[in-house]
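When you line the sequence shown up against this note's numbering, it's residues 968 to 1166, in that order. Where is the CB? At the ideal position from N, CA and C, for every residue including glycine. The next block holds one structure in the form of structure tokens; read it before the comments.
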Amino acid sequence: MQDYSKEDVLKIYSNWESYFHKVDDIYRWQPNPGNSDTCLVSVAINPRNFEDSFISWCPVANMCYKILTEGNDFGYALCHRIIILAMATIGQGCAIVSDTKDEGLKNKLCKMAYEEATYIVYHDLALADLLFEIICVCASAGKAQFLRRTWLLRLLAFQYVDGCFGYYDVETKLCNSHTTALASAAYSAAVRYIVQEFY
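See below:
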């Protein structure tokens, strides 16, 4: 994947405030949290293919095909499209459309996610939770370009002394479980990459 300048990503995305509000309106986009969960269940009910030699086909609800091919290309909706594809390949050993089309779509979606991640980085990581999710889903899908040392180091600023990431509820002393889980997965992907490549 190519590196993008600030000017490159500013041409792709709207102004920051408009983009921020669009991303925050998660129930407006496809997939939204509800139908994303429906699609994950639709993938999960397929029997697990334990054969490494071939990828089987896993039928899913019709809505899920449409979400994968026509869903929104930014924010959490984009990430959840990648998660659905990853759940099929990694989790079930199957393809939703075909192994080559699924892989091509995953590559296309991760390319868009890389542009979006760069946009977030250029805006002082103001959507750290989304950036962690982008890194997590695409690095887990084998895209090492998302494991940028500068990004991961800067994201450490969102960690509290007790290890939590993201917003911290002072009254209940509870971590933001979503951001902390994503951060753990992103840093785990980085460690896995280092071990696989250098040891």
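Just so you know, the alpha carbons of ALA1148 and GLU974 end up roughly 32 Å apart. For GLU1100, the enclosing alpha helix (DSSP H) begins and ends at 1095–1107. For ILE1161, the closest alpha carbon among the candidates ARG1121, THR1139 and GLN1112 is that of GLN1112. DSSP lists TRP1024 as the bridge partner or partners of ALA1062.
Here the alpha carbons of TYR1166 and ASN982 stand approximately 43 Å from one another.
Beyond the five residues adjoining it in sequence on each side, TYR1089 comes within less than 7 Å, by CB distance, of LYS973 and VAL976 in the same chain, given in chain order. For SER985, the number of other beta carbons within 10 angstroms of its own is below 16, and it is reported as exposed.
In the three-state reduction of the DSSP assignment, PHE987 falls in the helix class.
With respect to ALA1153, ALA1106 sits close: the two C-beta atoms are nearer than 8 Å.
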